[in-house]
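Just below is one structure, and these are the notes that go with it.
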Ligand SMILES: O=C(O)c1ccccc1N[C@@H]1O[C@H](COP(=O)(O)O)[C@@H](O)[C@H]1O
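See the structure below:
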């Protein structure tokens with residue numbers, strides 16, 4: 014399976030286009046007012062229609078209530094909801110029943126003990142995102158540019174698709190994928206110059222580095238067209 018690459022915290026047309034043109038599989042939009050990446054519903058409507066059909070649109074929320082989720086679903090029209098707070102398994106069931114969208118539950122990781130809640134969430138979420146546990150005094154539960162010890166996931170045996178995040182960048186993404194065997198990677202701070210301000214070059218470099226972790230297409234035998242040539246018609 015090809016590695017899924019998610020660029021999160023996009024808030025402008027220009028950087029969204031860079032992520033889409035660079036080949037991001039998923040683009041994430043943050044709806045959490047304390048975050049420097051928080052976007053308004055008006056921006057969500059514009060960016061959502063721009064990304065439609067070009068990448069999976071992910072709405073990131075933190076313990077959002079139904080009314081907030083309703084507004085986000087109505088304006089962004091996300092393909093998946095990323096729940097990055099302390100949402101319980103019961104709340105996940107409730108959100109699923111109300112909104113009928115796939116759910117990606119973010120789980121904070123610091124030590125192996127943090128995986129205790131995994132079986133419960135794996136029973137209801139469609140995908141798990143393992144993210145670095147934020148310090149107690151942090152103003153947000155993610156998007157802090159800090160990695161966790163990827164070896165915690167080394168022997169993970171999870172049937173559900175999972176991604177990793179937390180302090181990823183173009184220099185360490187290959188090692189994160191090697192250690193965790195994750196099917197996807199998610200980045201925000203690592204493609205920014207300053208918090209909340211995406212850097213086009215860093216976005217491109219991250220996507221390239223993530224793609225380079227994949228075995229390259231086999232060389233065509235004489236007279237045969239390569240997969241890339243076939244995809245291009
Ligand atoms: O990006 C944010 O501001 C944010 C706010 C609240 C919850 C999660 C947030 N971001 C997510 O955190 C991880 C790791 O990000 P980083 O690469 O370490 O900056 C990622 O999933 C972001 O989507």
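Numbering (our numbering), first residue to last: 14 to 246. C-beta: ideal position from N, C-alpha, C; glycine also.
Between which residues of its own chain and residue 242 is the CB-CB distance below 6 Å, once the five residues before and five after are set aside?
Unreliable positioning characterises residue 242 in this predicted model, as indicated by a pLDDT of 40, which lies under 50. A coordinate reading is not provided.
What does a CB cutoff of less than 8 Å around residue 173 pick up in its chain, not counting 5 residues either side in sequence?
Apart from the 5 residues on each side of it in sequence, residue 173 sits with its Cβ closer than 8 Å to the Cβ of 135, 138, 139, 140, 141 in its chain, given in chain order.
Per the DSSP calculation, residue 130 is bridged to which residue(s)?
In DSSP, residue 130 forms no bridge with anything.
Can you check which of these residues, 193, 189, 166, is closest to residue 129 by C-alpha distance?
Distances from the alpha-carbon of residue 129 to those of 193, 189, 166 put 166 closest.
DSSP three-state label for residue 111, please.
Three-state DSSP puts residue 111 in a helix.
Inter-residue Cα distance where the pair is residue 170 and residue 90:
Near 32 Å, if we compare the C-alpha coordinates of residue 90 and residue 170.
Boundaries (first-last residue) of the beta strand (DSSP E) holding residue 199
Residue 199 -> beta strand (DSSP E) spans 197 to 200.
Under the DSSP definition of a beta bridge, which residues are partnered with residue 95?
DSSP, once it has assigned bridges, lists 73, 117 as partnering residue 95.
Going by the CB atoms, is the gap between residue 29 and residue 64 shorter than 9 Å?
Their beta carbons are under 9 Å apart, which means residue 64 touches residue 29 by this criterion.
Rounded to the nearest angstrom, what separates residue 41 and residue 78 at their Cα positions?
Annotation: residue 41 to residue 78 spans about 19 Å, alpha carbon to alpha carbon.
Alpha carbon to alpha carbon, how far is residue 181 from residue 57?
For residue 181 and residue 57, the distance between alpha carbons rounds to 25 Å.
Taking its Cβ as the centre, do 16 or more other Cβ atoms sit within 10 Å of residue 61, making it buried, or is it exposed?
The residue is buried, with at least 16 neighbouring Cβ atoms inside 10 Å.
Flag residue 159 as yes when its Cβ comes closer than 8 Å to any non-hydrogen atom of ligand 1, and as no otherwise.
With a cut-off of 8 Å, the C-beta of residue 159 is classified as near ligand 1, since at least one heavy atom of the ligand falls inside that distance.
On the three-state DSSP scale, how would you describe residue 236?
With a pLDDT of only 45 at residue 236, under 50, the local geometry of the prediction cannot be trusted, and no value is derived from it.
Is the distance from the Cβ of residue 154 to the Cβ of residue 69 below 9 Å?
Judged by their CB atoms, residue 154 and residue 69 are not nearer to each other than the 9 Å cut-off.
Option in 93, 15, 225 with minimal Cα separation from residue 117:
Checked all of 93, 15, 225; the closest Cα to residue 117 is 93.
Taking the alpha carbon of residue 15 as the point to measure from, which residue in 131, 66, 198 has its own alpha carbon closest?
The residue from 131, 66, 198 with its alpha-carbon nearest to that of residue 15 is 198.
Can you check which of these residues, 45, 54, 221, is closest to residue 152 by C-alpha distance?
Among 45, 54, 221, the Cα nearest to that of residue 152 belongs to 45.
Return yes when the C-beta of residue 146 is under 8 Å from any heavy atom of ligand 1, and no when it is not.
In this structure, ligand 1 has no non-hydrogen atom nearer than 8 Å to the beta-carbon of residue 146.
Could you give the DSSP three-state label for residue 24: helix, strand or coil?
Of the three classes helix, strand and coil, the one that applies to residue 24 here is coil, per DSSP.
Quick one: residues in its chain with C-beta nearer than 7 Å to the C-beta of residue 49, no 5 flanking neighbours on either side, listed in chain order?
Result list for residue 49: 208, 209, in chain order.
Rounded to the nearest angstrom, what separates residue 245 and residue 34 at their Cα positions?
At residue 245 the pLDDT is 35, less than 50, meaning the model places this residue with poor confidence and gives no usable figure here.
If I follow the unbroken alpha helix (DSSP H) through residue 62, where does it start and stop?
Going by DSSP, residue 62 is part of the alpha helix (DSSP H) stretching over 54 to 64.
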